[in-house]
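Beneath this line is the structure, given in structure tokens, with notes to follow.
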Amino acid sequence: MKKQLIITLTVLILAITMAGAVSATVDPDSVKYVSPTGSDDNDGTETNPYLTIGKGITSVSVDGTVNVADGTYYEHLTISKNLNLVGQSQENTIIDGSNTGKPLTINSGATVGISLFTIQNGVSGFSGGGIDNYGTVTVNSNTFINNTAQYGGAIFNAYGSTLNVIESTFTDNVGTFGGGAIYDAEGTSTVTGSTFTNNLADYGGAIYTYGTVTVTDSTFTGNSATTWGGAIYNYYGYDYDATLTVTNSEFTGNTAPFGGAIYNFATLSVTDSTFTGNSATNYGGAIYNNDNYCSADVTTSTFSGNTASVGGAIFNNWGTVTANFNRIVDNSHISIHNHGGSADARYNWWGSNNPNFTTLIGGAVNYSPWLYMSFQADPTSIAQGETSILTANFNHAFDGTTVTSLDPANGHLPDGTLVTFQTDLGEVGSQIVDKPTTSGVATATLNGTESGLATVKAALDTEELSDTVQIGAEPPETGIFTRLMVQDAAIRVRNFITSRGVLPNWVRMEDTAGITHYVTMPVFLELSTASLISTAQEFKAMDVKTAPKAAGSTIVNRNLYKSGYMDMASRVNKFIRNNGVAPNFAWSSLGNIRFQALVDSFARIVAFKAERGVLPNYVVINTRRVR
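Structure representation (structure tokens):
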């Protein structure tokens, strides 16, 4: 009985062990191997690979993988089941269509991954010179070169099909009708991190779509169309609506008669992208938006050096264009032209704080307000060896009259826009450096490596702004100045306050002996009032060191007439000369006017005299104009 029990237990253990072994068995056909040194009479294992990819495809299990060794395979393949094709290397694992047919056809219902291949010399009289897709295909790290078809020189994505392109390269492919690289016919295509170079078609040199296409982190260079859309053509039909979304992509040197980079005939969204040197022999050097069914929304993108006979950056023909928070510079002829339809081009940077819109805008385009640049150093006085932060800020809007602040959360100049900072004293890395913007702001650090007054500058395109930073000891302020010198200084002080809303720390003045002085605002106030109340032609500045505290009434846009401001000038000047300091405020019929507003008011009065030859009848007092 005991012996029988032992035998029974042994059999049971053996049965369990065998069952486990069976359940752990790997499908021998789930992975197949192909090599130029193999044979289709082999079993497709790693040590006995097949010779052809076609044999690997027919032999591998559903959802299996075919690994293909480096070599050139002259095949025309059809895939009707789920599988993955994996090459050994993108450069050297080649499927060649021999200019006699298409290398790959993906049938409906199949989900296929294709990675690390070069697919070349494919030809189709109709669709998909390289890949003809009717299922779902993911193309990862592949190269497509010299493929030709009527629709989609490299890839055709059929109605209802799905195409995913990742980190792939398309070069010298031709679509004799549309889509030199890709043609999407009411499918869904996603293109990420890919490069399109020198592809050609009648419509859409790189991509033709009337499906749903998303392009991200991709580059289009030197593609061309003989009709519309040098890089991309986005088209709608009467029973469908195409949608093209482009993000963080670059379009350079693409050409077409209409829409050098993109021709939109449907719904287009472009964000964080760059268009440089694209051209249209007719309209829309970068983008052509056509027809009242169509809309183009373009934001935080850069248009530079694009050309067309009209609409170097964007041409809108009866569609709807919204282009906000872009950098639009050096495009010709007419950067944005609207022919019918609607064009909203507010909050863009046009290359300067005061653009000449007669050369930038054509047709009815709403361009105001536009982005405005400010610049300041903080602090403006440092010891030798210390630092000052230089800030170029584009989060302002200007309508030609009033500058207002913008919240960058609602939009800003494209990130990565390079602003040039420079200094004539000390260094900002060297004496000149480029810094990128983030959320509309670029900063650099001035290192006070030597003493003196540093003139620091920030420049973008044709706009250059400056400030001064005193490094180490301040130079003397006393000196003799002519009336014309004081008037010139008043103009510069007025302009500084108008653009910054604050007093400058100094105004640079050269005296009659040729010595440069950096005159503080208390000293400037004494000089400006003296020039009003005295008939003398020269004025000796006092050494007025004390900067007063803010005090006085709030006065907004009220007129102080000539007799009033001349009386106030006399009293202010007398106070400074008797006390050696500037007053905290001065009494007027409008109320007490604090020091900052006094400097602002007398700078404007003296500047008026300098520019018009007469004193103004009144000065508008606005204590909120300057902090």
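Residue 344 in the UniProt record's numbering sits at position 344 of the sequence shown, and the numbers go up by one each step. C-beta: ideal position from N, C-alpha, C; glycine also. These numbers come from a predicted model, not from an experiment.
(request) Starting from the C-beta of Y372, find all residues in its chain whose C-beta is less than 6 angstroms away, skip the five residues before and the five after it, and write them out in chain order. (result) N353, H396, F398, V403
(message) Can you tell me whether V614 is buried or exposed? The criterion is at least 16 other CB atoms within 10 Å of its CB, across all chains shown.
(response) exposed
(request) Determine contact between the segment 496 to 512 and the segment 528 to 536, defined as no fewer than three beta-carbon pairs at a distance below 8 angstroms. (result) no
(request) Might you give, ordered along the chain, the residues of its own chain that have their beta carbon closer than 7 angstroms to the beta carbon of P408, omitting 5 neighbours on each side? (result) N395, S439, G440
(request) Give me whichever residues DSSP pairs with R327 in a beta bridge. (result) T302, W349
(message) Three or more C-beta pairs under 8 angstroms: does that hold for the segment 498 to 507 against the segment 569 to 582?
(response) no
(request) Under 8 angstroms by Cβ, that's how I've got T380 and D272 pegged, so tell me the actual separation to the nearest angstrom. (result) Not quite, the Cβ-Cβ distance comes to about 35 angstroms (not below 8 angstroms), so this is no contact.
(message) If you reduce the DSSP assignment to three classes, tell me which class A459 lands in.
(response) strand
(request) Drop a sphere of 10 angstroms on the beta-carbon of Q470, count the other beta-carbons inside from all chains shown, and report buried for 16 or more, exposed for fewer. (result) buried
(request) Using DSSP bridges, identify the partner residues of K32. (result) V66
(request) Pull up the distance between the alpha-carbon of R624 and that of N584, whole angstroms please. (result) 16 angstroms
(request) Return the bridge partner residues of Y293 from the DSSP annotation. (result) Answer is none; Y293 lacks a bridge partner.
(request) Look up W370 in the DSSP assignment and give the residues it is bridged to. (result) F398
(request) Indicate whether the contact test is met: 3 or more Cβ pairs, each with one atom in the segment 358 to 365 and one in the segment 385 to 392, closer than 8 angstroms. (result) no
(request) Please check the pair N285 and F258, which I expect to be a contact at CB under 8 angstroms, by giving their CB distance rounded to whole angstroms. (result) One detail in the question is off: residue 285 reads as Gly in this sequence, not Asn. Rounded, the Cβ-Cβ distance is 10 angstroms, inconsistent with contact.
(message) Pull the bridge partners of S224 from the DSSP assignment, please.
(response) L200, T255
(message) Can you find the residues in the same chain that come closer than 7 angstroms, C-beta to C-beta, to D461, ignoring five residues on each side of it along the sequence?
(response) V329, G351, S352
(message) Please classify D600 as buried or exposed, where buried requires at least 16 other C-beta atoms within 10 Å of its C-beta.
(response) buried
(message) How far does the beta strand (DSSP E) with Q88 in it extend, from its first residue to its last?
(response) Looking at the DSSP string, Q88 is not in any beta strand (DSSP E), and its letter there is neither H nor E.
(request) On a CA-only basis, which of V31, F524, M521, G341 is nearest S61? Give me that one, please. (result) V31
(request) Assign N292 to one of two classes, buried (16 or more other C-beta atoms within 10 Å of its C-beta) or exposed (fewer than that). (result) exposed
(request) Return the chain-ordered list of same chain residues with a C-beta closer than 7 angstroms to the C-beta of G564, the five sequence neighbours on each side being excluded. (result) S588, S589
(message) With H, G and I counted as helix, E and B as strand and the rest as coil, what does DSSP make of D132?
(response) strand
(request) Would you kindly work out how many angstroms separate the C-alpha atoms of T212 and A242, rounded to a whole number? (result) 6 angstroms
(request) Verify whether the separation of the beta carbon atoms of T148 and G179 is less than 7 angstroms. (result) no
(message) Give the list of continuous beta strand (DSSP E) stretches no shorter than 3 residues that lie fully inside the segment 502 to 545.
(response) 506 to 510, 516 to 520, 538 to 540
(request) Starting from the Cα of A343, find the closest Cα among N317, P355, N326, T359 and give me that residue. (result) N317
(request) Rounded to whole angstroms, what's the CA-CA distance from F608 to N617? Just pull it up for me. (result) 10 angstroms
(request) Kindly list the residues whose CB is nearer than 6 angstroms to the CB of V270, restricted to its own chain and excluding five residues on each side of it in sequence; keep chain order. (result) V246, V298, S301
(message) Could you tell me which whole beta strand (DSSP E) segments of length 3 or greater appear in the segment 159 to 184?
(response) 162 to 166, 169 to 171, 174 to 178, 182 to 184
(message) Quick check on the DSSP output: the beta strand (DSSP E) that includes V606 runs from which residue to which?
(response) First-last for V606: 595 to 612, but that is the alpha helix (DSSP H), not the beta strand (DSSP E).
(request) Below 7 angstroms CB to CB, which residues in the same chain sit around E427 once its five sequence neighbours on both sides are set aside? (result) N447, T449
(request) Provide the residue(s) that pair with P436 in DSSP beta bridges, ordered along the chain. (result) L418
(request) Can you tell me which of the three DSSP states R627 falls into? (result) coil
(request) Between the Cα of residue 628 and those of S332, T358, F325, F357, spot the shortest distance and give me the residue it belongs to. (result) Nothing can be reported for residue 628: it is not among the residues displayed for the chain, which extend from 1 to 627.
(request) Give me the Cβ distance between N133 and I106, rounded to the nearest whole Å; I'm assuming they're in contact under 8 angstroms. (result) 5 angstroms
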